[in-house]
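Structure first, then comments.
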Amino acid sequence: MRDPPELKPMVFERPPERQLRWDCEGNPYMSGNRTAPKRIVDLLLFAYEFDILELRLYELDPVVDVFVILETTRALKKWEKPLMLGSVINSPRFRRFRHKIMYSVFDDVTHGRYQGFKSKKEGK
Numbered sequence: 019m020r021d022p023p024e025l026k027p028m029v030f031e032r033p034p035e036r037q038l039r040w041d042c043e044g045n046p047y048m049s050g051n052r053t054a055p056k057r058i059v060d061l062l063l064f065a066y067e068f069d070i071l072e073l074r075l076y077e078l079d080p081v082v083d084v085f086v087i088l089e090t091t092r093a094l095k096k097w098e099k100p101l102m103l104g105s106v107i108n109s110p111r112f113r114r115f116r117h118k119i120m121y122s123v124f125d126d127v128t129h130g131r132y133q134g135f136k137s138k139k140e141g142k
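Going by our numbering, the residue at position 88 of the sequence shown is 106; the numbering climbs one at a time, nothing skipped.
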């Protein structure tokens, strides 16, 4: 059996920077320039995807003031999952963004209260 041919990675160039003209006076939703800039907060639910998180942090870093990351002890399909981000968040991989990250864990200790609820897919 032959090895598959080596593939070159696809590299997409970022578009050139554009100079944006802000017309706050002409916008019907604004009444002019703000006296102070507003803080931008990015809220995300983390499960397993470290690469997607890293990409998001790099892309939004210039415009976001705070990244609020919530990790849960249960996956969206209700099964238990280990907490992973807490042990990695201080690694060199994420150190550049650590000053902007607020990390919190939602421990689903109240799961027993909701055992009676089932979605339409699961039936009653």
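Just so it is clear, CB atoms sit at the ideal spot from N, CA and C, and this is done for glycine as well. Here the structure is a predicted model, which is why all the values come from computation and not from measurement.
The Cβ neighbour count for phenylalanine 64, taken over all protein chains shown within 10 Å, is at least 16; the residue is labelled buried. Here isoleucine 58 is exposed. Its C-beta has fewer than 16 other C-beta atoms within 10 Å. For aspartate 69, the enclosing alpha helix (DSSP H) has its first and last residue at 68-78. Scanning its chain for C-beta atoms nearer than 7 Å, with the 5 sequence neighbours on each side dropped, one finds around leucine 71 the residues Phe64, in chain order. By the criterion of at least three beta-carbon pairs nearer than 8 Å, the region 107-119 is not in contact with the region 91-99. A straight line joining the alpha-carbon of aspartate 21 with that of aspartate 69 spans about 28 Å.
Listed as beta-bridge partners of methionine 120 by DSSP are Val86.
The straight-line gap separating the alpha-carbon atoms of leucine 61 and asparagine 108 is approximately 19 Å. According to the DSSP assignment, valine 59 belongs to no alpha helix (DSSP H) but to the beta strand (DSSP E) extending over 59-64.
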